[in-house]
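Numbering (this note's numbering), first residue to last: 478 to 593.
Reviewing the structure listed below.
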């Protein structure tokens, strides 16, 4: 869990986002995932700790992959390398995957149609 926290807790990595730093952190998190996925088995408290670490790692990877996919600043998501909003990116980013993380945009129109 320390490896994940060292990539997501520092403000200069997570709040003050830049594509280069995001890419570096995501590579470190991918390596952490490669190690964590082989340690998912266990019993009792060891199994719980392993699953917690895997969940934190997966979430951090999704978070940074999504941040890299959004090449603009919007709301609280700030990119130092893309300080302005891009009207063409008025969508949300959907992410998933474990061994291979993926992202895709979901248009706002799909959200509005689903709500009605």
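From the three backbone atoms N, C-alpha and C, an ideal C-beta is built for every residue, glycine too.
The structure presented is a predicted model; accordingly, all values stated were derived computationally and were not measured.
By the CB criterion at 9 Å, residue 553 and residue 485 fall outside the cutoff. For residue 583, the uninterrupted beta strand (DSSP E) segment begins and ends at 579 to 584.
Comparing alpha carbon positions, the residue from 493, 527, 535 closest to residue 518 is 527.
Per the coordinates, the alpha-carbon of residue 550 lies some 30 Å from the alpha-carbon of residue 529. Approximately 5 Å separates the beta-carbon atoms of residue 558 and residue 496; this is inside 8 Å, confirming the contact. Rounded to whole angstroms, residue 503 and residue 538 show a C-alpha spacing of 6 Å. In the three-state DSSP reduction, residue 495 falls in the coil class, being neither helix nor strand. Annotated three-state conformation of residue 572 is strand, per DSSP. Annotation: residue 481 to residue 585 spans about 31 Å, alpha carbon to alpha carbon. From the listed residues 494, 573, 498, 491, the smallest Cα separation to residue 536 is found for 573. Taking all protein chains in view, the Cβ of residue 548 is surrounded by fewer than 16 other Cβ atoms within 10 Å, so the residue is classified as exposed.
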